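Asks: The following block contains the structure, expressed as structure tokens.
There are 4 protein chains.
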Amino acid sequence: MFVSEKQIEIRYAETDQMGVVYHANYLVWMEIGRTQLVNDIGFNYAGLEEQGYISPVLDLSIQYKKAMRYGQVATVRTWVESHSKLKTIYGYEILHEDGSVAATATSLHTLVKKDSFRPYPLSKVDPEWDTKYLEIAKVNN
Amino acid sequence: MFVSEKQIEIRYAETDQMGVVYHANYLVWMEIGRTQLVNDIGFNYAGLEEQGYISPVLDLSIQYKKAMRYGQVATVRTWVESHSKLKTIYGYEILHEDGSVAATATSLHTLVKKDSFRPYPLSKVDPEWDTKYLEIAKVNN
Amino acid sequence: MFVSEKQIEIRYAETDQMGVVYHANYLVWMEIGRTQLVNDIGFNYAGLEEQGYISPVLDLSIQYKKAMRYGQVATVRTWVESHSKLKTIYGYEILHEDGSVAATATSLHTLVKKDSFRPYPLSKVDPEWDTKYLEIAKVNN
Amino acid sequence: MFVSEKQIEIRYAETDQMGVVYHANYLVWMEIGRTQLVNDIGFNYAGLEEQGYISPVLDLSIQYKKAMRYGQVATVRTWVESHSKLKTIYGYEILHEDGSVAATATSLHTLVKKDSFRPYPLSKVDPEWDTKYLEIAKVNN
Chain A
243 MFVSEKQIEI
253 RYAETDQMGV
263 VYHANYLVWM
273 EIGRTQLVND
283 IGFNYAGLEE
293 QGYISPVLDL
303 SIQYKKAMRY
313 GQVATVRTWV
323 ESHSKLKTIY
333 GYEILHEDGS
343 VAATATSLHT
353 LVKKDSFRPY
363 PLSKVDPEWD
373 TKYLEIAKVN
383 N
Chain B
243 MFVSEKQIEI
253 RYAETDQMGV
263 VYHANYLVWM
273 EIGRTQLVND
283 IGFNYAGLEE
293 QGYISPVLDL
303 SIQYKKAMRY
313 GQVATVRTWV
323 ESHSKLKTIY
333 GYEILHEDGS
343 VAATATSLHT
353 LVKKDSFRPY
363 PLSKVDPEWD
373 TKYLEIAKVN
383 N
Chain C
243 MFVSEKQIEI
253 RYAETDQMGV
263 VYHANYLVWM
273 EIGRTQLVND
283 IGFNYAGLEE
293 QGYISPVLDL
303 SIQYKKAMRY
313 GQVATVRTWV
323 ESHSKLKTIY
333 GYEILHEDGS
343 VAATATSLHT
353 LVKKDSFRPY
363 PLSKVDPEWD
373 TKYLEIAKVN
383 N
Chain D
243 MFVSEKQIEI
253 RYAETDQMGV
263 VYHANYLVWM
273 EIGRTQLVND
283 IGFNYAGLEE
293 QGYISPVLDL
303 SIQYKKAMRY
313 GQVATVRTWV
323 ESHSKLKTIY
333 GYEILHEDGS
343 VAATATSLHT
353 LVKKDSFRPY
363 PLSKVDPEWD
373 TKYLEIAKVN
383 N
């Protein structure tokens, strides 16, 4: 199983009046984690989108364990939990600098054509990418 | 079961380059839905926070069904799914103008002291609010 | 001179750890103010964009006077400061509930074709809208 | 004159349906630029805030020249334009990867006590920091 790691310098704009990172911003970090994973294995999400495909979130679940604060650096660990013809599930761990867990999460995605939002298998758009995902997936389908 | 409704005029800033509302913004709308629910039954979240209590999200799950776009008005339906001594689960439906479902979600919250993040029962801070939540909860604990 | 008014219920997500509204969010409110102004005089920005035109900000200036907080309602007052063939300047006042000024601002926009970002006069796309802007502009060009 | 440089990997969440970075996000980048400048000269904004001081924006002006897109890396160049007892003006250039200018900006800040929002001279809180700012300021007051 391949796990990608990305450091996030926490932005002042990401805090709220609780004095911690506003919870919706973790979803933005999860997306940065996915982008990093894709880059780490040699592919490019921006390029996919230029070809007319996007990969929206269909389902997302997140468990908040320990709040993060401005001035800290978050580490987002991202992996492919499972990958099948039309569905990819990513897994995430967001860590504090001392290695303690700030949050865990999963998100389910499908690939769709940008103009129609119709599902389209990654294996047809980019067979190498599809093969790589099958190879690194934690759970084989 | 009491269901609160709140209209959200979709902001340009909430869209992304897919041409639809960025998925993390639904969490902001869910929070607006909770605030509305609290107001609708005669209480006030800002006031609770002034007394030194906050209600962070511990767990959140969302299913994206049908993307929303700028120029539309979203309706957020919010209810108390369940309420116990230290845990409140809210349920949500986010609707298009034609009544079709854009997303469904749940979020789990606890009340904590702002300075220590230690859990504290709502029944001790505001017994009337606690009683009201037990009364309107969909599922009784 | 026509001045449009729009109420904004301040969102928890808009605060930062200073305990006040994060300063960049005022720009989002300014945009909501512009949208309201356009609606109030009977036109529609979303429609313009569907025709292939967008109106990006070229220059923006804002003076922050008195911070706003969660639980308050902001009022955004928006007007057309000046309007010429290729440039429209909007003026703004953002007010507290007691009428005191939270911020003042101006923004300069041009209309461009969405695909090329090339400037295009509003008078050619929608002559009525152009005439209305000339009529309500505070300063005549 | 000292100029700090910070690379910003553009986030998908920062785009809007124009297909470019939403204009308010440049203000977030400007803040990241200020933080970097402060770090580069050996000081720490988070530490200042822990001591009970914050540095809100009083006035901000930005000129948008050439839109930025997802997949690009922005460079934020930040310097101290001027510094006096109660006012600090920062200057900014935001650059595309080819060195062309995406935006230029300035922002005016004062230091205030967090609890009262009363102005307080940096020279009293941290004389070394104050001296450094006077030394690197582009325009001497």
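Chains as they are written, first to last, in my numbering: chain A, 243 to 383; chain B, 243 to 383; chain C, 243 to 383; chain D, 243 to 383.
We treat Cβ as the ideally placed atom computed from N, Cα and C, and that holds for glycine.
All values derive from a computational prediction rather than experimental measurement.
(1) Roughly how many angstroms lie between the CA atoms of residue 305 of chain B and residue 302 of chain A, to the nearest whole one?
(2) Can you have a look at residue 333 of chain D and say buried or exposed, based on whether 16 or more other CB atoms are within 10 angstroms of its CB?
(3) Would you list the one or two residues that DSSP bridges to residue 325 of chain B?
(4) Quick one: measure Cβ to Cβ for residue 343 of chain A and residue 380 of chain A, integer angstroms, because I've assumed they're closer than 8 Å.
(5) Does DSSP put residue 305 of chain D in a helix, a strand or coil?
(6) Per DSSP, residue 295 of chain B forms a beta bridge with which residues?
(7) Cβ of residue 266 of chain C less than 8 Å from any chain A Cβ?
(8) Look up residue 380 of chain C in the DSSP assignment and say whether it is helix, strand or coil.
(9) Against chain A, which members of the segment 245-258 of chain C pass a CB distance test of less than 7 Å?
(10) For residue 273 of chain A and residue 263 of chain A, which I take to be in contact (beta-carbon distance under 8 Å), what is that distance rounded to the nearest angstrom?
(11) Does any heavy atom of the ligand ADP sit closer than 7 Å to the C-beta of residue 324 of chain A?
(12) By alpha-carbon positions, which one of A/287, A/314, A/268 and A/355 ends up nearest to residue 295 of chain A?
(13) To the nearest angstrom, how far is it from the Cα of residue 268 of chain D to the Cα of residue 268 of chain C?
(14) Find the nearest neighbour of residue 314 of chain B within the set B/338, B/284 and B/320, judged by alpha-carbon distance.
(15) My output table needs one value for residue 369 of chain C: the three-state DSSP class, helix, strand or coil.
(16) Please report the residue range of the alpha helix (DSSP H) in which residue 314 of chain A lies.
(17) Return the chain-ordered list of same chain residues with a C-beta closer than 7 Å to the C-beta of residue 249 of chain A, the five sequence neighbours on each side being excluded.
(18) So, helix, strand or coil for residue 343 of chain D, using DSSP?
(19) What did DSSP end up calling residue 263 of chain A once you bin it into helix, strand or coil?
(20) If you compare alpha carbons, which of B/327, B/275 and B/288 is closest to residue 361 of chain B?
(21) Could you confirm whether any beta carbon from chain B is found closer than 8 Å to the beta carbon of residue 296 of chain A?
(22) With a cut-off of 8 Å on the beta carbons, I'd call residue 350 of chain B and residue 331 of chain B a contact; round off their distance for me.
Replies: Taking the geometry as given:
(1) The count along the second sequence starts at 1 and reaches residue 305 of chain B at position 63. The count along the first sequence starts at 1 and reaches residue 302 of chain A at position 60. Spanning the two alpha carbons is a distance of roughly 7 Å.
(2) The count along the fourth sequence starts at 1 and reaches residue 333 of chain D at position 91. By the neighbour-count criterion, in which a residue is buried when 16 or more other Cβ atoms sit within 10 angstroms of its Cβ, residue 333 of chain D is buried.
(3) Against the second sequence, residue 325 of chain B aligns to sequence position 83. In DSSP, residue 325 of chain B forms a bridge with B/330.
(4) On the first sequence, residue 343 of chain A is found 101 positions in, with the first residue counted as 1. On the first sequence, residue 380 of chain A is found 138 positions in, with the first residue counted as 1. That belief does not hold up - the Cβ atoms of residue 343 of chain A and residue 380 of chain A are roughly 17 Å apart, past 8 Å.
(5) Within the fourth sequence, numbered from 1, the residue matching residue 305 of chain D stands at position 63. If DSSP states are grouped into helix, strand and coil, residue 305 of chain D belongs with the strands.
(6) Counting from one through the second sequence, the residue named residue 295 of chain B turns up at place 53. Partner(s): B/355.
(7) Position 24 of the third sequence holds residue 266 of chain C. Taking Cβ atoms only, chain A reaches closer than 8 Å to residue 266 of chain C, which makes this a yes.
(8) Sequence index remark: in the third sequence, residue 380 of chain C carries index 138 (1-based). The answer is coil: DSSP assigns residue 380 of chain C none of H, G, I, E or B.
(9) If the cut-off is 7 Å between Cβ atoms, the segment 245-258 of chain C has 254, 255, 257 and 258 near chain A.
(10) Here residue 273 of chain A is taken as the residue at index 31 of the first sequence, counted from 1. Here residue 263 of chain A is taken as the residue at index 21 of the first sequence, counted from 1. In this structure, residue 273 of chain A and residue 263 of chain A do not form a Cβ contact; the two beta carbons are roughly 15 Å apart against a cut-off of 8 Å.
(11) Because no ligand of any kind appears in the structure shown, any question about the ligand ADP cannot be addressed here.
(12) Mapped onto the first sequence, residue 295 of chain A falls at position 53. Closest by alpha carbon: A/355.
(13) Within the fourth sequence, numbered from 1, the residue matching residue 268 of chain D stands at position 26. Within the third sequence, numbered from 1, the residue matching residue 268 of chain C stands at position 26. Distance from the CA of residue 268 of chain D to the CA of residue 268 of chain C, rounded to the nearest whole angstrom, comes to 13 Å.
(14) Your numbering for residue 314 of chain B matches position 72 in the second sequence. Of the candidates B/338, B/284 and B/320, the one whose C-alpha sits nearest the C-alpha of residue 314 of chain B is B/338.
(15) On the third sequence, position 127 is the one that residue 369 of chain C refers to. In this structure, residue 369 of chain C counts as helix in the three-state DSSP scheme.
(16) Reading the first sequence from its first residue, position 72 is the one you call residue 314 of chain A. Looking at the DSSP string, residue 314 of chain A is not in any alpha helix (DSSP H), and its letter there is neither H nor E.
(17) What you label residue 249 of chain A is simply residue 7 of the first sequence in a count that begins at 1. Within the same chain, and ignoring the five residues on either side of residue 249 of chain A in sequence, the residues whose Cβ sits closer than 7 Å to its Cβ are 315 and 317.
(18) Numbered from its first residue, the fourth sequence carries residue 343 of chain D at position 101. Strand.
(19) In the first sequence, the residue the question calls residue 263 of chain A occupies position 21. Per DSSP, reduced to three states, the secondary structure at residue 263 of chain A is strand.
(20) In the second sequence, counting from the first residue as 1, residue 361 of chain B sits at position 119. If we check each option's Cα against that of residue 361 of chain B, B/327 comes out closest.
(21) What you label residue 296 of chain A is simply residue 54 of the first sequence in a count that begins at 1. A Cβ of chain B is located within less than 8 Å of the beta carbon of residue 296 of chain A.
(22) For this step, residue 350 of chain B is matched to residue 108 along the second sequence. For this step, residue 331 of chain B is matched to residue 89 along the second sequence. So it is a contact: roughly 5 Å between Cβ atoms.
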